[in-house]
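Below is one structure; the comments refer to it alone.
Protein chains in written order, with the numbering used here: chain A, 2 to 336; chain B, 2 to 336.
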């Protein structure tokens, strides 16, 4: 949490926006969107919008605020030394660690929470699918194989959510409403209204043994990299299943594939991959009882930018009145 | 609705149970299950449990109550003329129409409602999947094709449920809770708490034009056979999708396939087929953006028989006190 004294720049900031060419236009931040979103909190002294391949270095050097879909940390360190605030339009910032490029005078904020409604729905859908054995049914369909396996109701089944932040919390709320028993793991162990049973990462393997469905929704950090390896899969009960909406690096994919092929794990839904798009020759496409989703769990096409800029507007108000900013990244924790 | 005068047979009935050999044991009605379910409402004067291939014709001739997974209507007409009540353990009875084999002194009841919790969850899952374009994503996976198409939240989308009975009503409740706009079509047009907008079958094509997701949950009758033909699919907006948890006969499958192949319909989930298991050489297995489910939408493995027999117990109480039975089939309407 970054606390700021009331700051003059927040009422008339120099704003520099850099979009990523070729990315879905739903993510592009236009000058109009900035003016519309911020009109009640500030009047920009300067506003520059461009793509990163047509960078306006002079404007970036002068800027108080950078809004960007991808951060060029080298250039920020060398040239953008007056930045007070960097608003990243994605939730994950693991690609920018370690954060030694970030000046102590610059706050870095992410888009965490922008995805809540969408990811909550996606998480509920995926949990119901895993319960119903849809990955198995889809694999059977490829082989024209009708295998009927009746499943009881999902309500009452045990879901374990690793990472109860903005994404995991939104999923927890939908699963809780749908009648799942929801367990959660978060670093600080803080309770959550939608989580029946919260523990900390040191209890992970004990909790895995109780889980029907594991949902990975944590940031990728040195602590979470590879947490789902051979031992972790073996700790889950036979017939358990997995949803990954975090980052690919939290899973040892060779161990996942073994567990699916052996039938220990009944199914998996992956929405994140080391390399995206997943290459056409990647073996994951054909793993039995595994469904490949093209990274769609959290992003809605409508209003994404507006919801990001609402975080920025809120933070400008906070900065103006000297209150702590929200959505700040802790350079030590990495999220 | 069959109204009965208080009947002595209901307190000491002769009960004959016929199971179908080879069917999932979850559907088999045992003598223990009968005694457990009915112990508070009656003490059977006689109880026979057998498979249909070892029929005890003498016991059937004497019986007041027949409980059966499949009805041999010829034998019932010729031999079981003392039956007061036939409890069918499935919800659909379309295979027994026309009902001229049924004596006016025999009430026929089905298992409608037994499936509510399970089918409600399944309907919600399938509606979220259709909204998220999962049938398309699953087809793309077969071809190792990563095509990202961001979808907004499902809440607010328009679901149209054809047939708001026990199945359709349970689905309506879950969709309504999840924030869908729910329209319904039922023959009598009666309102339903979970349906925002109820109409009758004559409005079907008008309603189709407004539907993002169509859910077929009606009985198969002469009126509903083939309702989804070429004209009906064309009446739906481009990008709409379909779930069938009714009976295969309500759809003209050639028209469905055309609509999917042309891209007019964005996806379909079918849980019911003319012939089940769907034969390995059936073309439906490979239709793009179509998911084949092995008839699992409504049946839970646990407690199915107990929930069926709870209907019978309730009806025996009703018969004892002269109240109308529930779950009765109207021979004219066919459901």
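From the three backbone atoms N, C-alpha and C, an ideal C-beta is built for every residue, glycine too.
Computed from a predicted structure; not experimentally measured.
Residue 217 of chain B sits close to residue 251 of chain B, with the two beta carbons spaced by under 7 Å. Chain-ordered, the chain A residues with CB closer than 8 Å to the CB of residue 148 of chain B read 295. Not a single CB atom of chain A sits nearer than 7 Å to the CB of residue 239 of chain B. Chain-order list of chain B residues neighbouring residue 145 of chain A: 281, 286, by C-beta distance under 7 Å.
In this structure, the beta-carbon distance from residue 112 of chain B to residue 79 of chain B does not fall below 7 Å. Around the C-beta of residue 40 of chain A, fewer than 16 other C-beta atoms lie within 10 Å, and the residue is accordingly described as exposed.
If you draw a 10 Å sphere on the C-beta of residue 331 of chain A, you find fewer than 16 other C-beta atoms in it, and that means exposed.
Taking a 10 Å sphere around the C-beta of residue 58 of chain A, we find fewer than 16 other C-beta atoms and assign the residue as exposed. The bridge partners DSSP lists for residue 52 of chain B are B:20. In this structure, the CA atom of residue 210 of chain B is about 30 Å from the CA atom of residue 124 of chain A. Taken through DSSP and simplified to helix, strand or coil, residue 312 of chain A comes out as helix.
In the displayed model, residue 192 of chain A falls within coil according to three-state DSSP, outside both helix and strand. When secondary structure is reduced to three states using DSSP, residue 200 of chain B falls in the strand class. Within the same chain, Cβ atoms closer than 8 Å to the Cβ of residue 118 of chain A are found at 171, 301, the five residues on either side in sequence being excluded. Around residue 126 of chain A, the beta-carbon contacts reaching into chain B at under 7 Å are 126, 129, 130, 133.
Under a 10 Å Cβ-count criterion, residue 140 of chain B is classified as buried, with 16 or more other Cβ atoms of the shown protein chains found around its own Cβ. Ranked by Cα distance from residue 9 of chain B, the first of B:200, B:334, B:318 is B:318.
Contact between residue 46 of chain B and residue 15 of chain B holds: CB atoms are separated by about 5 Å, below the 8 Å threshold.
Listed along chain B are 154, each with a C-beta nearer than 7 Å to that of residue 119 of chain A. Restricted to the region 122 to 201 of chain B, the alpha helix (DSSP H) segments that are unbroken, complete and at least 4 residues in length are 135 to 143, 167 to 178, listed in chain order.
Between the region 51 to 67 of chain B and the region 20 to 28 of chain B, the count of Cβ pairs shorter than 8 Å is three or higher; the stretches touch. Between residue 184 of chain B and residue 208 of chain B the beta-carbon gap is near 6 Å, inside 8 Å, which marks them as a contact.
At least one CB of chain B lies nearer than 7 Å to the CB of residue 142 of chain A. For residue 79 of chain B, the uninterrupted alpha helix (DSSP H) segment begins and ends at 74 to 80.
Contact with chain B is absent for residue 34 of chain A, since none of that chain's Cβ atoms lies less than 7 Å from the residue's Cβ.
Taking a C-beta cut-off of 7 Å against chain B, none of the residues of the region 212 to 245 of chain A qualify. The closest CA to that of residue 240 of chain A, considering only A:224, A:290, A:225, A:220, is found on A:290. Around residue 292 of chain B, the beta-carbon contacts reaching into chain A at under 9 Å are 135, 138, 139, 142. Distance from the Cα of residue 273 of chain B is smallest, within the candidate group B:265, B:286, B:314, for B:286.
Straight-line spacing of the CA atoms in residue 99 of chain A and residue 253 of chain B works out to 59 Å. Chain-order list of chain B residues neighbouring residue 253 of chain A: empty, with the shortest C-beta distance near 22 Å, by a criterion of under 8 Å. Residue 69 of chain B has a beta carbon lying at 7 Å or more from every beta carbon in chain A. Chain-ordered, the chain A residues with CB closer than 8 Å to the CB of residue 301 of chain B read 151, 152, 153, 154. Annotation: residue 57 of chain A is outside any alpha helix (DSSP H) and is labelled neither H nor E by DSSP.
Proximity of residue 122 of chain B to chain A, defined by a Cβ-Cβ separation below 7 Å, is satisfied. Counting only residues of its own chain and dropping the five nearest sequence neighbours on each side, residue 182 of chain A has a CB closer than 6 Å to the CB of 159, 197.
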